[in-house]
Amino acid sequence: MKNLIKDLMRSKAGLIGAILLLLIVFVAVFAPFLDLPDPTRGDLRARLAGPTWDGLFSPGAHPLGTDEVGRDILSRMIHGSRVTLLVATTAVVLGGIVGTALGIWAGYKGGLVDRVLMRLVDIQLAIPLMLLALLVVAALGPSLRNVVLVLALTSWIRYARIIRAQVLSLREREFVQSAHAIGASTMRIMFFHILPNVLTPALVVGTLELARIIIMDSALSFLGLGVQPPTPSWGRMLADGRVYISSAWWTVTFPGLAIVLTVLSVNLFGDWLRDYFDPKTRNKK
Amino acid sequence: MTQPNVLEAKNLMRSFGGGTGFFDRNKPVIHAINGVSFEIAEGETLGLVGESGSGKSTIGRAVLQLEKPDSGSVKFRGTELTTLSPPQLKPYRKHMQMIFQDPYSALNPRMKVGNFVAEPLVVHQVESGSALTDRVAELFQTVGLDPSFMSRYPHEFSGGQRQRINIARAIALNPAFIVADEPITALDVSIQAQIVNLFQDLQDQLGLAYLFIAHDLSMVRYLCSRVAVMLRGRIVELAPTEQIFADPRHPYTQSLLAAIPVPDPDRKHRPRIPFNVARNIPPRDAPMIEVSPGHYVLDQEIQ
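Heads up: the sequence lines are chains A and B, in that order.
Take the first sequence: its letter number 209 is residue 209 in UniProt numbering, and every next letter is one higher.
Take the second sequence: its letter number 30 is residue 30 in UniProt numbering, and every next letter is one higher.
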């Protein structure tokens with residue numbers, strides 16, 4: 001843990017990513033305690049008000065402007081980040097658990113199990129993920145739960161592939177043979193000998209998946225298939241604001257910036273994490 | 001030998017490749033072991049030597065049923081093992097263990113070594129709770145490790161210490177028979193002697209029988225009561241250790257023995273005995289003949 005922080009301090013990109021990410025998560029978590037205007041209440045007299053620093057701390061201020069029905073953009077962005085982060089992390093964890101479990105199973109068992117699962121992965125990879133997501137959401141109906149399920153569905157294959165490849169080499173290691181020789185059950189070997197040794201790659205895939213899923217979640221919202229209004233979401237804000245892009249630039253610029261910064265920070269952090277756990281790139285700097 | 005046999009292997013065969021699947025139909029078939037028979041008495045050490053790829057390790061794995069032999073029989077104290085299902089095999093696994101060549105790859109890097117040594121006891125539900133901890137501490141002492149190391153991870157240990165941990169795990173269930181697959185090859189020479197002595201001490205204390213796979217002939221001479229020499233999946237000569245060193249009959253054995261380094265400058269020009277492996281692949285159906293009591297040689301143009 002100490003080494004981890006020390007190494008992070010030495011990596012500029014990783015450090016920026018980590019700080020930015022921490023900041024975003026912090027604001028999202030403590031949003032209810034910040035004195036923000038109600039993100040769902042409009043004020044038609046103040047519709048499409050531009051960003052202004054005047055009276056920043058007065059109750060009716062809109063530092064980042066308002067949207068077409070006069071809702072505060074800053075407040076909507078922060079509350080939108082709560083939804084996005086909740087959806088993305090749940091989907092990543094869910095996809096991670098399923099993908100890792102199936103990857104271990106396929107890699108360790110081999111044979112028919114492996115072949116069936118990996119062909120399933122191939123089939124899913126042949127279908128554009130966005131199309132698949134649209135199809136499933138359209139069939140199940142858009143809701144928070146369904147969006148999480150769909151995003152996890154597009155995510156598990158990446159874990160499964162990478163974990164399986166790791167397991168294929170782990171399986172031949174002598175400590176696994178040795179567990180077999182003492183009569184340990186397959187479940188025991190998979191849980192105590194394989195799983196702890198694939199957690200690191202799973203974690204790395206997880207961070208990189210998080211960035212991809214945030215974008216995908218925003219895209220789904222943009223298309224109207226994400227979390228439904230009035231719950232604020234970044235993608236929805238983009239979709240609603242794009243009509244006013246020439247007259248009220250702030251309606252799309254700030255939510256867009258939020259997506260870019262979040263994804264960028266996750267990617268920077270994820271890249272550093274991958275390098276940190278990869279012995280080939282570690283200690284090179 | 002007056003002792004009964006702990007293990008009997010008869011006519012073991014194991015081949016690789018030559019798949020029937022769509023993609024690997026044209027792979028050549030390699031006979032890793034091609035009709036191997038031997039037996040090991042209780043408390044005895046049988047050495048198994050031969051060049052890389054001669055099938056030594058495959059024999060070790062086939063004997064322990066880590067890899068099912070294609071045909072042939074393996075009997076542990078008279079019970080046929082090859083026909084048993086995994087659950088039926090489990091009680092026998094208590095009595096047979098394996099020690100691996102590479103002490104770095106043989107330990108789970110994410111498991112505390114105490115838990116690693118305790119695992120066989122947990123799997124077979126022999127001990128639990130504080131009795132388990134006590135037993136593991138005792139095992140650590142038996143192999144010459146400080147019991148306070150129990151809560152550490154493998155990367156904190158040296159090669160020799162790691163091999164001691166592996167040995168502690170292997171003897172945890174008081175087995176009758178251990179396959180040691182080149183257990184000292186990966187260690188420093190100075191550590192090798194310590195580990196070999198540990199093997200001997202444990203044999204004296206616990207009455208273990210070993211199948212000691214090696215290619216260091218001087219270690220084999222020191223440790224083993226009988227030696228089997230392997231070539232291309234067959235045993236070409238099997239005899240009591242002193243017999244084989246004094247009177248090697250098979251040309252491959254003679255060539256191997258002539259290659260042992262001798263720390264004596266006066267003998268530095270002693271002749272090597274060349275042996276062309278490619279031209280002397282042991283014929284599949286050649287029988288073993290007994291040239292003197294307990295000394296068997298593959299019947300193949302013996303000089």
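Ideal Cβ positions, reconstructed from N, Cα and C, are used throughout, including at glycine.
Note that the structure is predicted; figures quoted are calculated from it, not measured.
CA nearest to the CA of residue i, picked from the options
i                         : options                                   : result
glycine 80 of chain A     : A:Arg242, A:Ile24, A:Tyr159 and A:Gly141  : A:Ile24
arginine 249 of chain B   : B:Glu290, B:Pro283, B:Leu217 and B:Ala259 : B:Glu290
glycine 107 of chain A    : A:Gly183, A:Met9 and A:Tyr159             : A:Tyr159
serine 71 of chain B      : B:Arg14, B:Met98 and B:Tyr252             : B:Arg14
leucine 211 of chain B    : B:Phe100, B:Gly78, B:Ile281 and B:Gly160  : B:Phe100
aspartate 188 of chain B  : B:Val297, B:Thr253 and B:Gly160           : B:Gly160
arginine 77 of chain B    : B:Gly35, B:Asp181 and B:His95             : B:His95
alanine 9 of chain B      : B:Ala278, B:Ser73 and B:Lys56             : B:Ser73
residue 313 of chain B    : B:Arg135, B:Gly233, B:His155 and B:Leu208 : As displayed, chain B neither begins before 1 nor continues past 303, which places residue 313 of chain B out of reach and without an answer.
tyrosine 244 of chain A   : A:Asn3, A:Gly65 and A:Leu22               : A:Gly65
alanine 186 of chain B    : B:Ala172, B:Val36, B:Ala168 and B:Ala214  : B:Ala214
valine 87 of chain A      : A:Leu48, A:Thr231 and A:Leu151            : A:Leu151
tryptophan 272 of chain A : A:Ile162, A:Met237 and A:Thr207           : A:Thr207
glycine 96 of chain A     : A:Pro51, A:Ile213, A:Leu135 and A:Arg71   : A:Ile213
Cα-Cα separation between residue i and residue j, rounded to whole angstroms
i                         : j                        : result
serine 246 of chain A     : aspartate 217 of chain A : 25 Å
methionine 288 of chain B : glutamine 200 of chain B : 30 Å
glutamine 303 of chain B  : arginine 115 of chain A  : Its pLDDT being 40, under 50, glutamine 303 of chain B is placed unreliably in this model, and the value from its coordinates should be taken loosely. In a straight line, the C-alpha of glutamine 303 of chain B is about 54 Å away from that of arginine 115 of chain A.
leucine 202 of chain B    : threonine 100 of chain A : 42 Å
valine 29 of chain B      : aspartate 275 of chain A : 42 Å
valine 148 of chain A     : serine 169 of chain A    : 32 Å
leucine 7 of chain B      : proline 271 of chain B   : 38 Å
leucine 298 of chain B    : valine 236 of chain B    : 5 Å
alanine 239 of chain A    : glycine 226 of chain A   : 12 Å
leucine 117 of chain A    : asparagine 5 of chain B  : 46 Å
glutamate 225 of chain B  : leucine 120 of chain A   : Here residue 225 of chain B is serine; the residue named in the question, glutamate, does not match the sequence. Distance between the alpha carbons of serine 225 of chain B and leucine 120 of chain A is about 55 Å.
leucine 66 of chain B     : threonine 142 of chain B : 27 Å
threonine 253 of chain B  : glutamate 51 of chain B  : 11 Å
isoleucine 273 of chain B : proline 196 of chain A   : 51 Å
leucine 223 of chain A    : arginine 236 of chain A  : 8 Å
Short CB-CB distance (under 8 Å) between residue i and chain B
i                            : result
asparagine 197 of chain A    : yes
phenylalanine 277 of chain A : no
histidine 62 of chain A      : no
Chain A within 8 Å of residue i, Cβ atoms only
i                         : result
glycine 17 of chain B     : no
alanine 9 of chain B      : no
valine 49 of chain B      : no
valine 123 of chain B     : yes
leucine 66 of chain B     : yes
proline 147 of chain B    : no
proline 287 of chain B    : no
methionine 150 of chain B : no
lysine 56 of chain B      : no
lysine 75 of chain B      : no
proline 69 of chain B     : no
Residue interval of the beta strand (DSSP E) (run including residue i)
i                            : result
glycine 50 of chain B        : 45 to 50
arginine 234 of chain B      : 234 to 240
phenylalanine 177 of chain B : 177 to 181
methionine 216 of chain A    : From DSSP, methionine 216 of chain A is part of no beta strand (DSSP E) but of the alpha helix (DSSP H) over 195 to 222.
histidine 295 of chain B     : 295 to 298
Cross-chain neighbours of residue i in chain A, by beta carbon under 7 Å
i                      : result
arginine 93 of chain B : Ala181, Ile182 and Gly183
Residues that residue i contacts on chain B, provided the C-beta gap is smaller than 8 Å
i                           : result
phenylalanine 33 of chain A : The premise fails here: phenylalanine 33 of chain A is roughly 39 Å from chain B at the closest Cβ pair, so nothing lies under 8 Å.
arginine 188 of chain A     : Val123
serine 169 of chain A       : None at all; the shortest Cβ gap to chain B is about 11 Å.
Limits of the alpha helix (DSSP H) - the one that residue i falls within
i                        : result
aspartate 201 of chain B : 189 to 206
Contact list for residue i against chain B, beta-carbon separation under 7 Å
i                       : result
arginine 173 of chain A : Ser105
serine 218 of chain A   : In chain order: nothing, as chain B lies at least about 37 Å away.
Residue i: contacting residues in chain A (beta-carbon distance under 9 Å)
i                      : result
residue 334 of chain B : Residue 334 of chain B cannot be examined here, being either before or after the span of chain B that is shown, 1 to 303.
Contact list for residue i against chain A, beta-carbon separation under 8 Å
i                        : result
aspartate 102 of chain B : Glu174
glutamine 97 of chain B  : Ala181 and Ile182
proline 265 of chain B   : Simply none; closest approach about 40 Å.
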